[in-house]
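Engineer:
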Amino acid sequence: MSTPKDQPDFVTRANDEATAHGLAHEVIPPDPHGTIGTERFRRSLTWHIARRPGGLVALAIQYGHLRTWVSAGYAARSRDGIHDLLDVETARATIDTVADLNADLKDGIGISGPAARRAITAATTAPQYTGTVITARQARQILANPHLAVYDNPHTLLMCVYKRDKALCHRGLKDTTSLDQCVPACANIARTDQHAAGLQRRATVLDQRAAQVPGPLGERLRSNAGRLRDLADAHYRTRTTLQDGTA
Ligand code: SF4
43 MSTPKDQPDF VTRANDEATA HGLAHEVIPP DPHGTIGTER FRRSLTWHIA RRPGGLVALA
103 IQYGHLRTWV SAGYAARSRD GIHDLLDVET ARATIDTVAD LNADLKDGIG ISGPAARRAI
163 TAATTAPQYT GTVITARQAR QILANPHLAV YDNPHTLLMC VYKRDKALCH RGLKDTTSLD
223 QCVPACANIA RTDQHAAGLQ RRATVLDQRA AQVPGPLGER LRSNAGRLRD LADAHYRTRT
283 TLQDGTA
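One rule links them: number in the working numbering = place in the sequence shown (from 1) + 42.
Below, the structure is given as structure tokens:
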């Protein structure tokens with residue numbers, strides 16, 4: 043893993059490579075804030091972990107592991123170092139998730155699924171946090187708030203509004219979600235119009251692939267496409283919105 047003190051060497055090497063290959067547009071420009079220090083490096087790292095696609099999910103699943111892994115190089119630092127930063131960035135990403143949902147719902151986006159109502163409730167709490175500076179203490183409170191345990195899962199095109207006793211992925215054996223083992227019948231699932239549109243897009247891609255593949259494999263792709271379309275159709279049949287008063 044690269045560290046801040048490697049940064050000048052890395053930039054020089056990357057720029058030499060870009061120049062040697064005639065890729066002037068890929069040269070890393072000078073940093074207007076100067077050479078990156080440990081503090082900014084750690085902040086950037088945690089920001090990206092929390093916000094990469096599925097990053098909040100990754101943090102939720104691997105939180106303990108990541109805290110160990112990321113902080114390994116900073117062993118001398120105590121609880122107020124990288125751990126607090128991870129808390130703050132995870133809490134911020136959590137708030138971003140519910141704030142985005144809140145904005146979408148206000149814009150008329152529809153939501154469906156057994157956990158739709160809980161997702162709406164979580165979304166309504168977002169305004170009290172948005173625009174405020176989150177301290178490490180507040181971050182821990184946010185992360186401990188079960189009503190804010192909302193994870194967007196782009197892989198399965200759904201939102202997990204986590205409630206431990208309803209989770210089918212681990213049947214109450216763990217404290218965190220197992221989004222990589224999500225069960226379609228789970229009562230923690232909510233879907234928005236964006237998820238449904240994503241299901242339809244994915245179904246189209248599968249159908250296109252199926253057209254290129256004869257035999258059982260093609261059939262399987264078509265069947266998967268049909269399953270995704272059924273999920274999208276179920277969403278559009280049952281969706282509610284804030285504006286129609288049924289949400
Ligand atoms: S099975 Fe339920 S609790 Fe588990 S990830 Fe899927 S929606 Fe969340």
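Where is the CB? At the ideal position from N, CA and C, for every residue including glycine.
Take R121 and list the residues in its own chain whose beta-carbon comes closer than 7 angstroms to its own, dropping the five residues that flank it on each side.
Structural biologist: Along the sequence shown, one-based indexing puts residue 121 at 79. Here R121 scores only 48 on pLDDT, less than 50, and its place in the model should not be relied on; the value that follows carries that caveat. Counting only Cβ-Cβ distances below 7 angstroms, and skipping sequence neighbours, we find nothing.
Engineer: Enumerate in chain order the residues of its own chain whose CB-to-CB distance from N57 is below 8 angstroms, with the five nearest sequence positions on each side excluded.
Structural biologist: Counted from its first residue, the sequence shown places residue 57 at position 15. Here the set comprises V69, I70.
Engineer: How many Å lie between D138 and P74 at the Cα?
Structural biologist: Your numbering for residue 138 matches position 96 in the sequence shown. Your numbering for residue 74 matches position 32 in the sequence shown. Answer to the nearest angstrom: the Cα atoms are 27 angstroms apart.
Engineer: Starting from the C-beta of H277, find all residues in its chain whose C-beta is less than 6 angstroms away, skip the five residues before and the five after it, and write them out in chain order.
Structural biologist: Locating residue 277 in the sequence shown gives position 235, counting from the first residue. The residues are S154, R233, A238.
Engineer: Residues bridged to Y193 by DSSP?
Structural biologist: In the sequence shown, residue 193 corresponds to position 151, counting from 1. Bridge partners of Y193: C202.
Engineer: Checking 7 angstroms against the spacing of the C-beta atoms, do N187 and A165 come in under that value?
Structural biologist: By one-based count along the sequence shown, residue 187 stands at place 145. By one-based count along the sequence shown, residue 165 stands at place 123. No, the Cβ-Cβ distance between N187 and A165 is not below 7 angstroms.
Engineer: Determine the DSSP secondary structure at T167, reduced to helix, strand or coil.
Structural biologist: One-based indexing of the sequence shown puts residue 167 at position 125. T167: coil per DSSP, three-state reduction.
Engineer: Which of the three DSSP states, helix, strand or coil, is assigned to R274?
Structural biologist: Working through the sequence shown from its first residue, we reach residue 274 at position 232. A small fix is needed here, since residue 274 is Ala in this sequence, not Arg. In this structure, A274 counts as helix in the three-state DSSP scheme.
Engineer: Going by DSSP, what residues sit across from A232 in a beta bridge?
Structural biologist: The count along the sequence shown starts at 1 and reaches residue 232 at position 190. Answer is M201.
Engineer: Does the structure place the region 248–258 close enough to the region 171–182 that three or more beta carbon pairs sit under 8 angstroms?
Structural biologist: Judged by Cβ distances under 8 angstroms, the region 171–182 makes no contact with the region 248–258, as fewer than three pairs qualify.
Engineer: Our contact map puts L199 next to A227 with C-beta atoms below 8 angstroms; I'd like the distance itself, whole angstroms only.
Structural biologist: Counted from its first residue, the sequence shown places residue 199 at position 157. Counted from its first residue, the sequence shown places residue 227 at position 185. So it is not a contact: roughly 16 angstroms between Cβ atoms.
Engineer: For R55, collect the residues of the same chain with a Cβ closer than 6 angstroms to its Cβ; drop the 5 residues on either side in sequence, then sort them by chain order.
Structural biologist: Here residue 55 refers to the residue found at position 13 of the sequence shown. Around R55: no qualifying Cβ.
Engineer: Identify the continuous alpha helix (DSSP H) that holds L185 and give its terminal residues.
Structural biologist: Sequence index remark: in the sequence shown, residue 185 carries index 143 (1-based). Here the alpha helix (DSSP H) through L185 covers 178–186.
Engineer: Could you have a look at T282 and say whether DSSP puts it in helix, strand or coil?
Structural biologist: Position 240 of the sequence shown, counted from the first residue, corresponds to residue 282. T282: strand per DSSP, three-state reduction.
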